Amino acid sequence: MTAGERPADASGTGRRAGEAGPDRSPVPLLRLENISISYRGHEVVHEVSLDVSPGEVVALIGPSGAGKSSLLRCVNFLEVPAAGTVYLEGRPVGFVQRRGRSVPANATALAEHRREVGMVFQNFNLFPHLTAVENVMLAQIHSLGRSKADARERALKELAHVGLASHADAKPAKCSGGQQQRIAIARALAMDPKLMLFDEPTSALDPELGIEVLTTMRRLADEGMTMIVVTHEMHFAEEVADRIVFMADGRIVEQGPARQVMREPVHERTKRFLAAVTDR
Amino acid sequence: MDFLRQWQQFFPQFLPGLWVTLKLTVASLVLGFPLGAALAVAVSSTRRVIRWPSIVLVELGRGAPGLIVLYLVYYGLPQVGLTLPNFLAATVALAITTGAYSSEIFRAGLLAVPVGQREASRALGLKPFKEFRLVVLPQALKFVIPPLIGFAIILYQGTSLAFAISTPELLSRAYNAASITFQFTAALTLAGAMYAVISLLAIALVRTGSRRDERP
Amino acid sequence: MARILSILAAGIGQTVAITAAAFVLGAVAGFPLALMRRSPYRVLRMPAAAVIEILRSIPPIVWLFIVYYGIGSDVVKLSTFQGAVIGLGLIAAAYLAEIYRAGIDAVARGQWEAAKALALPRRATYQRVILPQALTVVTPPAATYAIGLLKDSAIASVIGATDITFRAVQETQANLHGLSVFAVAGLLYIALSVPIAAVARYTDRILAQKVAK
Ligand SMILES: Nc1ncnc2c1ncn2[C@@H]1O[C@H](COP(=O)(O)OP(=O)(O)O)[C@@H](O)[C@H]1O
Ligand SMILES: [Mg+2]
């Protein structure tokens, strides 16, 4: 794929936020199958399965410590699942089968996978010694092998796309939190990911700065990007997400179309959580 | 193995040297730490005749090589009519070095005691000296003990400088044995091992000690 | 005083050369040692840790003797300069390895994660992301170490390197005025450490500006 091109989206163009979900294609873009995650023998995510269709926006909500971040980080193998399989476009990733046992894939195979999955962190994790445009260029050059000129052109385009063309040569420390997070989004998008992961992208921001990030994300959703968003922004979840997945204690408790989960939650646990985080 | 047999032969000859090294370490620390504590107070004295000489001593002791301080005492003092035998010269020099370095440790320890503690004791009517002895010092000691032990281990290694003024410590023994037998590598590595083992043992001891302290 | 200074000044070149060469040797050799020390593999980590501990727990002068008299007489003949540089350089490698390690560890975990999530290869992660940030953390302690090394270099005189200290001892044995000679020598070492501190402060400021501007 040449620089400057958006990946051909499988679906979802022109879809309005909050309306009915996208087509369920036979092969989900992402499938998590019986994923368990442990830290030092202590299991915090228990056999969770989740399918995400192309173009779908999934909001992952739940109380702190539910395992949302762990599950999200497992999608691009920042966390290696103790059991279960991650499939991207039907291909299992992160593991190779060897003599009937699945063993961790090598770094090259993992990098291959990570190139297709963009991630946006709560604390931005921009590279502080590089300018905005250099932040967006770095992985294009060293991970995708694009030329410097191509990477730069693409980086400027992505920065313009998130409204930061004028900040291209600024160091992160000179930018507001909201601007930094938008640079981080541009950095991920420049890799032409098939899927974007967001881990509480606005939690570290003041509300008014959070809005500019949420606006950027909403536009991304409208453009058809497949997204999984861990968030405490219930408005955003209801308005932008196709589906809400509610997690507690390392399990998916309830999921469904965004409006439905927000307005008519079925499970007691979901009701209590929503009552606590919304003022309805 | 040849090497091990050589070590075995050398080892008993080196023990008296190790003994001198240990005596030198202890003597320098016993003189040097009180000197350091005194310097820590003296460098911030309001009296210039106290402040300036102590600042010079601390800066020279820390800024100049230990070997230079050693030579200054051993070769220098005779110029003013004071000739010290080598063990004593080494002790004095290492004590000066210890005083200079540990004064910074003590100073940091004193500064680490919260100002409120001084204010509280003054509010209780303690006179300055009692305030220092009863309130500030006991708390400062808690901060200074770990770095002082660390310095003691460094000084144990530093006593090897005394070789340069022919003090019969561990390295001198090793060097002499080596020049007689021409087994330089064997003799010197054994001396190295003897320094290392005691340093590492001391470090291990300190680590287990401090771990025990952390427990409630 | 001026006469003493001119005599000692003849040793400055040797002192500076030994210090600089040993520092460069340590800075280069310390790097793989630091990476091994941080390796997830025990077979790399344990030997590196052992080498670092052993290098640091034997006095520098003993190392100098082991290199110069031991290796120098049993394996390959070394000049006093080579002996001093190798001996001090080995120790410097151990200390600088620990300084590097601390610098790398000081880089926020999120930086590694961002690099991973962007599928940056290991080499680019180190070169472009981690090391530039570690450098700012490493500079001040490395400069402090360099000043310590300058002082440690005085022991090279014991194996006969003709540095400042060597000249001072020679002069003292010729004329009995050791107090003045070694006082001047001490001041000379302190004076030589001033430029190191200045360079360190300068590079530290430049690097800090590069990271956050
Ligand atoms: N690196 C880690 N080491 C140990 N425990 C962890 C680690 N990361 C998360 N946990 C634990 O796993 C559980 C789930 O954490 P997390 O996935 O961050 O939840 P959430 O994002 O929903 O708040 C929590 O109990 C947390 O303490
Ligand atoms: Mg989380």
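Chains as they are written, first to last, in my numbering: chain U, 1 to 280; chain D, 281 to 496; chain A, 497 to 709. Where is the CB? At the ideal position from N, CA and C, for every residue including glycine. What you are looking at is a predicted structure, and each value in this text was computed from that prediction instead of being measured.
Is the stretch 607 to 618 of chain A in contact with the stretch 543 to 556 of chain A, if contact means three or more CB pairs nearer than 8 Å? Touching, no.
Say the cut is 7 Å; is the CB of Val477 (chain D) nearer than that to a heavy atom of ligand 2? It does not: the Cβ of Val477 (chain D) is nowhere closer than 7 Å to a heavy atom of ligand 2.
Element boundaries [beta strand (DSSP E), containing Tyr87 (chain U)]: That run of the beta strand (DSSP E) goes Ala83 to Leu88.
DSSP three-state call for Val93 (chain U): helix, strand or coil? In this structure, Val93 (chain U) counts as strand in the three-state DSSP scheme.
For Ala506 (chain A), which residues in the same chain have their Cβ closer than 7 Å to its Cβ, ignoring the five residues on either side in sequence? Counting only residues of its own chain and dropping the five nearest sequence neighbours on each side, Ala506 (chain A) has a CB closer than 7 Å to the CB of Arg663.
How close, in whole Å, do the beta carbons of Ala167 (chain U) and Ala111 (chain U) come, if the pair is a contact with beta carbons under 8 Å? According to the sequence as given, residue 167 (chain U) is His; it is not Ala. Not confirmed; about 29 Å, so no contact.
Buried or exposed, going by whether 16 or more other CB atoms sit within 10 Å of the CB of Pro81 (chain U)? Buried: at least 16 other Cβ atoms inside 10 Å.
So is the beta-carbon of Lys422 (chain D) under 7 Å away from any non-hydrogen atom of ligand 1? No, since every heavy atom of ligand 1 falls outside the 7 Å radius drawn around the Cβ of Lys422 (chain D).
Indicate, with yes or no, if ligand 2 has a heavy atom lying under 7 Å from the CB of Asp199 (chain U). Result yes, Cβ under 7 Å from ligand 2.
Between Val230 (chain U) and ligand 2, is the CB less than 7 Å from at least one heavy atom? At a threshold of 7 Å, Val230 (chain U) counts as near ligand 2, since its beta carbon sits closer than that to one of the ligand's heavy atoms.
Given a cut-off of 8 Å on the beta-carbon distance, is the pair Ile348 (chain D) and Thr661 (chain A) in contact? In this structure, Ile348 (chain D) sits near Thr661 (chain A), with a CB-CB distance shorter than 8 Å.
According to DSSP, what are the bridge partners of Arg31 (chain U)? Residue pairing by DSSP places Arg31 (chain U) opposite U:Asp51 and U:Tyr87 in a beta bridge.
To the nearest angstrom, how far is the alpha carbon of Ser452 (chain D) from that of Ile425 (chain D)? For Ser452 (chain D) and Ile425 (chain D), the distance between alpha carbons rounds to 31 Å.
Check whether the Cβ of Lys68 (chain U) lies closer than 7 Å to any heavy atom of ligand 2, and answer yes or no. The nearest non-hydrogen atom of ligand 2 is less than 7 Å from the C-beta of Lys68 (chain U).
For Gly12 (chain U) and chain A, any beta-carbon pair shorter than 8 Å? Here the model assigns Gly12 (chain U) a pLDDT of 38, short of 50, so the residue's position is not dependable and the matter cannot be decided.
Whose Cβ in chain A lies nearer than 7 Å to the Cβ of Ala516 (chain D)? For chain D, the structure presents residues 281 to 496; residue 516 (chain D) sits outside this window and is missing.
Quick check: what's the CA-CA separation for Gly21 (chain U) versus Leu130 (chain U)? For Gly21 (chain U), the predicted model reports a pLDDT of 48, less than 50, meaning its position is unreliable and no value from the coordinates is stated.
Less than 8 Å separating the beta-carbons of Pro201 (chain U) and Val120 (chain U)? Contact flag set, yes.
Any Cβ of chain D within less than 8 Å of the Cβ of Glu549 (chain A)? Cβ-Cβ to chain D under 8 Å: yes for Glu549 (chain A).
Mind checking whether the beta-carbon of Val44 (chain U) lies closer than 7 Å to any heavy atom of ligand 1? Yes, Cβ of Val44 (chain U) sits closer than 7 Å to a heavy atom of ligand 1.
Cβ pair count under 8 Å reaching 3, the stretch 330 to 341 of chain D against the stretch 295 to 307 of chain D: Remark: fewer than three beta-carbon pairs, one from each stretch, lie closer than 8 Å, so the stretch 330 to 341 of chain D and the stretch 295 to 307 of chain D are not flagged as touching.
If the criterion is Cβ atoms closer than 8 Å, does the pair Arg624 (chain A) and Leu138 (chain U) meet it? Yes, the pair counts as a contact, with Cβ atoms nearer than the cut-off.
Cβ of Gly21 (chain U) less than 8 Å from any chain A Cβ? Interpretation of Gly21 (chain U) is limited by its pLDDT of 48, a score under 50 that renders its predicted location unreliable; no figure is taken from the coordinates.
Residues bridged to Ala248 (chain U) by DSSP? Per DSSP, U:Arg251.
Neighbour list for Leu50 (chain U) in chain A, Cβ cutoff strictly below 8 Å: In chain order: nothing, as chain A lies at least about 19 Å away.
What three-state label does DSSP hand Ala59 (chain U) in the structure shown? In the structure shown, Ala59 (chain U) sits in a strand (DSSP, three-state: E or B).
Taking Cβ positions, are Ala646 (chain A) and Ile582 (chain A) nearer each other than 8 Å? Note that residue 646 (chain A) is Leu in the sequence shown, not Ala. Taking 8 Å as the Cβ cut-off, Leu646 (chain A) and Ile582 (chain A) do not qualify as a contacting pair.
Show which residues of chain A have a CB atom less than 8 Å away from the CB atom of Leu138 (chain U). Those within 8 Å of Leu138 (chain U) in chain A are Leu614, Leu616, Ala620, Arg624 and Val625.
Rounded to the nearest angstrom, what separates Arg398 (chain D) and Pro418 (chain D) at their Cα positions? Arg398 (chain D) and Pro418 (chain D): Cα-Cα distance of roughly 12 Å.
For Val360 (chain D), return the contacting residues in chain A, with the cut-off set at a CB-CB distance below 7 Å. Going along chain A in sequence order, the residues near Val360 (chain D) (Cβ under 7 Å) are Leu675.
If we cut at 8 Å on Cβ distances, does Ser535 (chain A) have a partner in chain D? Not a single CB atom of chain D sits nearer than 8 Å to the CB of Ser535 (chain A).
Between the C-alpha atoms of Ala611 (chain A) and Thr621 (chain A), what's the straight-line distance to the nearest angstrom? Cα atoms of Ala611 (chain A) and Thr621 (chain A): separation of roughly 6 Å, rounded to the nearest angstrom.
Taking 8 Å as the threshold (beta carbon to beta carbon), is Ser143 (chain U) in contact with chain A? Closer than 8 Å to some Cβ of chain A, the Cβ of Ser143 (chain U) qualifies, so yes.
Verify whether the separation of the beta carbon atoms of Phe198 (chain U) and Met225 (chain U) is less than 8 Å. Between Phe198 (chain U) and Met225 (chain U), the gap from beta carbon to beta carbon reaches 8 Å or more.
Arg114 (chain U) touches chain A at which residues, Cβ-Cβ below 8 Å? Simply Lys612, Ala613, Leu614 and Ala615.
Reduced DSSP secondary structure (H/G/I, E/B, other) of Ile141 (chain U): Helix at Ile141 (chain U).
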